[in-house]
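Read through the structure below, which is laid out as structure tokens, and then see the notes.
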Amino acid sequence: MVSENQRDTENYPDFMLFFRPFFAVNRFIYNPAALGIMNEFRNVVAEALSSVIGRPAEQLEPLISAPPEGMGDFAFQCFSLAKELKKSPAQIAGELAPKIRHLALDKVVASGGYLNFFVNRSMMAAQVLSTVGIEKSSYGSLNVKGRALIEHTSINPNASPHVGRARNGIIGDSVSRMLRFHGYDVEVHYFVNDVGKQVAMLVLACRGKAKVSFNDLLGEYVRINAELEGNPELEAQVFSLLKQLEDGDEGVKREFRNVVDICVKGQSRILSDLGMAFDHYDYESKYLWDKSTQEVLQRLEGTGRVFADEGGRRVLDLKGFDLPMEPPVFVLTRADGTSLYGLRDIAYNLEKNSRAGDRNIVVLGEDHKLYFRQVSAALSVLGERSPEVIHYSFILLPSGKMSTRSGNVVLLEDFMAQAVEKARAELVARGKHANIGRLSKVIGYGALKYHVIRVSPEKNVLFDWEKALSFEGESAPYIQYAHARICSILRKARHGQATGQSSPDYSLLRSDEEFQLVRLLAGFPDVAAKALLRPHLLANYLQGLADCFNSFYHQCPVISDDAHLMSARLSLCSAVRQVLETGLNLLGIDAPEEM
RNA sequence: GGACCUGUAGCCUAGCCUGGACAAGGCGACAGCCUUCUAAGCUGUAAAUCCGGGGUUCGAAUCCCCGCAGGUCCA
Numbered sequence: 001m002v003s004e005n006q007r008d009t010e011n012y013p014d015f016m017l018f019f020r021p022f023f024a025v026n027r028f029i030y031n032p033a034a035l036g037i038m039n040e041f042r043n044v045v046a047e048a049l050s051s052v053i054g055r056p057a058e059q060l061e062p063l064i065s066a067p068p069e070g071m072g073d074f075a076f077q078c079f080s081l082a083k084e085l086k087k088s089p090a091q092i093a094g095e096l097a098p099k100i101r102h103l104a105l106d107k108v109v110a111s112g113g114y115l116n117f118f119v120n121r122s123m124m125a126a127q128v129l130s131t132v133g134i135e136k137s138s139y140g141s142l143n144v145k146g147r148a149l150i151e152h153t154s155i156n157p158n159a160s161p162h163v164g165r166a167r168n169g170i171i172g173d174s175v176s177r178m179l180r181f182h183g184y185d186v187e188v189h190y191f192v193n194d195v196g197k198q199v200a201m202l203v204l205a206c207r208g209k210a211k212v213s214f215n216d217l218l219g220e221y222v223r224i225n226a227e228l229e230g231n232p233e234l235e236a237q238v239f240s241l242l243k244q245l246e247d248g249d250e251g252v253k254r255e256f257r258n259v260v261d262i263c264v265k266g267q268s269r270i271l272s273d274l275g276m277a278f279d280h281y282d283y284e285s286k287y288l289w290d291k292s293t294q295e296v297l298q299r300l301e302g303t304g305r306v307f308a309d310e311g312g313r314r315v316l317d318l319k320g321f322d323l324p325m326e327p328p329v330f331v332l333t334r335a336d337g338t339s340l341y342g343l344r345d346i347a348y349n350l351e352k353n354s355r356a357g358d359r360n361i362v363v364l365g366e367d368h369k370l371y372f373r374q375v376s377a378a379l380s381v382l383g384e385r386s387p388e389v390i391h392y393s394f395i396l397l398p399s400g401k402m403s404t405r406s407g408n409v410v411l412l413e414d415f416m417a418q419a420v421e422k423a424r425a426e427l428v429a430r431g432k433h434a435n436i437g438r439l440s441k442v443i444g445y446g447a448l449k450y451h452v453i454r455v456s457p458e459k460n461v462l463f464d465w466e467k468a469l470s471f472e473g474e475s476a477p478y479i480q481y482a483h484a485r486i487c488s489i490l491r492k493a494r495h496g497q498a499t500g501q502s503s504p505d506y507s508l509l510r511s512d513e514e515f516q517l518v519r520l521l522a523g524f525p526d527v528a529a530k531a532l533l534r535p536h537l538l539a540n541y542l543q544g545l546a547d548c549f550n551s552f553y554h555q556c557p558v559i560s561d562d563a564h565l566m567s568a569r570l571s572l573c574s575a576v577r578q579v580l581e582t583g584l585n586l587l588g589i590d591a592p593e594e595m
């Protein structure tokens with residue numbers, strides 16, 4: 001939806017007034033960035049359709065598509081109208097074509113059941129490029145004014161995170177950035193599961209060790225997991241340790257806090273090196289000792305849906321919630337009345353709800369799908385809102401799924417180090433020496449994040465070192481490279497001559513490559529809006545934009561003696577650069593000016 | 001036993017929500033392009049029963065049903 005705040009139109013050049021009727025049709029507030037230029041054509045078509053069908057244009061939302069190469073710039077399909085109008089699609093297209101007239105359209109051609117539009121390229125270029133020029137880094141923003149809360153990553157504090165876990169953070173961090181870009185005040189939360197069995201095991205494993213460092217934890221964790229196999233005594237020790245913790249034994253609390261701190265510090269150091277920032281670390285233990293779980297339990301009891309099962313545990317009846325489990329329930333407490341994870345999580349969700357404004361988002365692995373639906377159902381029993389959830393599937397190794405417990409992992413740290421190392425080697429091979437430390441991180445981390453984020457989250461990823469470290473083709477370095485090339489052109493151009501004359505003559509941008517770029521730039525606001533909770537769409541778009549720029553780069557020299565052409569192409573380059581930078585940043589990837 | 005997700009050239013992926021004109025990229029393979037703005041690049045060629053089978057539709061990779069395979073969870 002379009003936000004209420006109206007853009008200041010004074011900065012927009014006069015010719016853009018031509019476009020205003022487009023918007024008037026749809027009663028939208030003039031806001032090209034939010035609407036996407038495609039909407040203009042939608043509205044023109046709607047007007048024409050209206051006269052043929054006899055329904056008001058406002059009710060019509062024709063779908064505009066892209067025709068095959070050379071057939072036109074935009075297209076409208078008349079097939080679905082055939083039944084309603086009792087005419088053949090070709091006939092309808094023939095009737096519609098002459099009715100569609102607009103300054104921004106050079107030509108409308110009926111072709112079979114299709115209507116193909118040839119837009120006035122210079123007018124479209126003018127609008128798109130000047131809009132990007134004016135809006136700069138906010139081009140594409142929905143400009144909502146709102147508050148949002150997102151919880152992501154929330155890795156168990158047991159060891160150095162593996163690449164699979166990182167998928168959560170990479171997606172979550174990108175979504176945080178998108179939220180901020182679109183105008184939300186964002187709070188980023190990280191839930192620390194610091195009172196589970198796994199932490200108890202780790203505490204036990206570290207007992208008696210003189211000094212435990214973050215890097216020792218994985219080894220200790222794997223060791224104790226192995227020892228625990230078929231060792232009921234050790235397992236009993238783990239549970240008694242947990243019991244002591246829950247009873248509030250100060251010494252045990254300190255032990256837990258100690259190990260958890262080492263872990264959280266280590267994890268957040270890695271994540272922050274990757275550029276991920278969190279505003280709040282929320283500890284589960286807080287809900288172990290405070291009264292909130294008791295309050296939640298009371299509220300739930302008040303609904304009459306809580307009963308004691310045969311073991312004496314308090315259980316929430318979720319009948320009627322269409323949960324794929326039989327019977328649909330949610331276990332809240334142990335027999336002794338102490339809270340279980342689920343109850344504490346409900347309490348946590350209530351707290352998040354109280355802080356979240358317009359959006360409340362959580363990123364969870366696919367293993368939490370059913371669990372999340374249980375929590376949602378419980379929240380709905382309480383009349384509370386559930387978060388919007390993004391689920392992602394696991395990253396697999398050729399040897400099976402990653403598991404910290406068994407040590408079958410690729411550590412995020414190792415992936416980071418390898419990526420940086422490779423980037424450094426590439427830079428050295430290219431004779432780059434300035435800023436090489438910073439640049440190899442920008443490129444290496446970019447490649448890492450892009451590799452993970454470009455795949456739709458519901459898909460498993462098979463981790464493969466060679467593919468993960470590819471800096472060619474569909475990769476962040478490819479996109480960064482296009483950006484760096486543009487920067488290089490802009491630098492050279494600035495050097496060569498004074499800028500800042502009258503606005504460029506956009507009619508000089510006539511080639512297909514140039515128009516494709518304009519068209520892609522025009523589509524960015526749509527993509528940015530759709531990608532808010534689906535960042536892989538943006539990753540994909542950027543690849544396409546970089547692709548298109550590279551074709552342009554080889555086809556159309558920018559710096560030349562023709563000052564007018566150069567000026568037009570520079571403004572195109574500058575807009576592409578802006579969108580590449582904005583887009584990469586939204587994925588948590590830096591856009592270097594040279595590489 | 002039940003539920004959800006995934007299955008697209010040798011390999012990896014986009015498209016599926018909102019059905020439409022020859023299924024789009026990348027890797028790998030092959031053939032070209034650096035005396036012009038960065039070759040992490042560009043151009044071209046070969047390569048696809050869109051997992052299988054039914055159905056809906058003028059039209060299905062896309063929607064529905066039944067299977068198969070992988071992932072996940074529940075019992």
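Residue numbers for the first sequence follow this note's numbering, so the first one is 1 and each next one is one higher. Note that the Cβ used here is the ideal one computed from N, Cα and C, for glycine as well.
Do Val212 and Cys206 have their CB atoms nearer than 7 Å?
Contact: yes.
ask   = So Ala82 packs on Leu60, CB below 8 Å; how close in whole Å?
value = Contact between Ala82 and Leu60 does not hold, since their C-beta atoms are separated by about 16 Å, which reaches or exceeds 8 Å.
- Alpha carbon of Phe463 to alpha carbon of Ser399, nearest angstrom: Here the C-alpha atom of Phe463 lies approximately 10 Å from the C-alpha atom of Ser399.
query: Can you give, in chain order, each stretch of the alpha helix (DSSP H) that sits fully within the segment 241-319 and has at least 4 residues?
result: The qualifying runs are 250-273, 285-289, 292-302.
Task: Beta-carbon contacts of Leu17 that lie in its chain and below 8 Å, excluding the five residues immediately before and after - done: With a pLDDT of 34 at Leu17, under the threshold of 50, the modelled position of this residue cannot be trusted; read the value that follows with caution. Nothing meets the Cβ criterion.
Report task. Rounded to whole angstroms, what's the CA-CA distance from Leu271 to Ala591? Just pull it up for me. Result -> One Cα belongs to Leu271, the other to Ala591, and the distance between them is close to 19 Å.
>> I'd like the list of long-range same chain contacts for Val315, defined as Cβ closer than 8 Å, with 5 residues on each side in sequence excluded.
In response: Result list for Val315: Val306, Phe307, Ala308, Asp309, Val329, Phe330, Val331, Leu332, in chain order.
Practice problem: Evaluate Val163 with the Cβ neighbour count: other Cβ atoms within 10 Å of its Cβ, from every protein chain shown; 16 or more gives buried, anything less gives exposed. | Solution: Here Val163 is buried, its C-beta having at least 16 other C-beta atoms within 10 Å.
> Nearest to Met178 by CA position, among Thr582, Glu593, Leu202, is which residue?
Replying inline: Among Thr582, Glu593, Leu202, the Cα nearest to that of Met178 is on Thr582.
Can you grab the Cα-Cα spacing for the pair Glu388 / Asp562, in whole Å?
Approximately 53 Å, taken between the alpha carbons.
Strictly by DSSP, which residues pair up with Gln578? DSSP lists no partner for Gln578.
Beta strand (DSSP E) runs contained entirely in the segment 544-591, provided each spans 3 or more residues = If we require 3 residues or more, the segment 544-591 turns out to have no beta strand (DSSP E) run fully inside it.
Handout entry: Complete alpha helix (DSSP H) runs within the segment 96-123 (minimum length 4 residues, chain order)
Key = Taking only runs of at least 4 residues, no alpha helix (DSSP H) segment lies wholly in the segment 96-123.
Anyone know if the C-beta pair for His182 and Ser141 falls short of 7 Å? Here His182 is near Ser141, since their CB atoms are less than 7 Å apart.
Q) Can you tell which of Leu439, Pro557, Asp512, Lys136 has the C-alpha that lies nearest to the C-alpha of Ile589? A) Nearest of Leu439, Pro557, Asp512, Lys136 to Ile589, Cα basis: Leu439.
Inset, instruction - Write down the C-beta distance between Ile170 and Ile390 rounded to the nearest angstrom, noting that I regard them as a contact closer than 8 Å. - result: Not quite, the Cβ-Cβ distance comes to about 12 Å (not below 8 Å), so this is no contact.
Query - Cut-off 6 Å between Cβ atoms - residues of its own chain near Gly444, not counting five sequence neighbours on either side - result: For Gly444, where only same-chain residues beyond five positions count, the Cβ hits under 6 Å are Ala419, Val420, Ala423.
- prompt: Using DSSP with H/G/I as helix, E/B as strand and the rest coil, what is Glu233?
  reply: Helix at Glu233.
- Query: With distances taken from CA atoms, which of Asn43, Val44, Leu85 is nearest Ile53?
  - Reply: Nearest option by C-alpha distance: Leu85.
By how many angstroms is the C-alpha of Asp73 removed from the C-alpha of Pro56?
-> C-alpha separation (whole angstroms): 26 Å.
Nearest candidate by alpha-carbon position, reference Phe471, set Leu490, Ser507, Val442, Met566:
Ranking the options by Cα distance to Phe471, first place goes to Val442.
Between the Cα of Glu474 and those of Phe394, Tyr541, Tyr506, Leu533, spot the shortest distance and give me the residue it belongs to.
Looking at the Cα atoms, Tyr541 is the closest of the given residues.
Endpoints, alpha helix (DSSP H) assigned at Phe181
In the DSSP assignment, Phe181 falls within the alpha helix (DSSP H) that extends over 163-181.
* **Buried versus exposed, by CB contacts within 10 Å (16 or more), Pro457** => Pro457 comes out buried.
Decide if Glu215 is buried, meaning its Cβ has at least 16 other Cβ atoms within 10 Å, or exposed. Per the sequence shown, the amino acid found at residue 215 is Asn instead of Glu. Exposed, because fewer than 16 other Cβ atoms sit within 10 Å of the Cβ of Asn215.
Practice prompt. Please check the pair Ile224 and Leu242, which I expect to be a contact at CB under 8 Å, by giving their CB distance rounded to whole angstroms.
Written response: Not confirmed; about 14 Å, so no contact.
How is Asp505 classed by DSSP in three states: helix, strand or coil?
The answer is coil: DSSP assigns Asp505 none of H, G, I, E or B.
With 16 other CB atoms within 10 Å as the buried threshold, where does Gln294 fall? Exposed, since its Cβ has fewer than 16 Cβ neighbours within 10 Å.
Checklist entry - For the segment 392-428, which segments carrying the beta strand (DSSP E) assignment without a break, of at least 3 residues, lie completely within its bounds, in sequence order? => result Runs found: 395-397.
Could you spell out the range, first to last residue, of the alpha helix (DSSP H) harbouring His451?
-> Note, His451: alpha helix (DSSP H), 436-453.
Just curious, the alpha helix (DSSP H) that Leu228 is in, first and last residue? Counted as a single uninterrupted DSSP element, the alpha helix (DSSP H) harbouring Leu228 occupies residues 214-228.
Starting from Val203, trace the alpha helix (DSSP H) in both directions and tell me its first and last residue.
Per DSSP, Val203 belongs to the alpha helix (DSSP H) from 197-206.
What is the residue span of the alpha helix (DSSP H) that Gly342 lies within? Here the alpha helix (DSSP H) through Gly342 covers 341-355.
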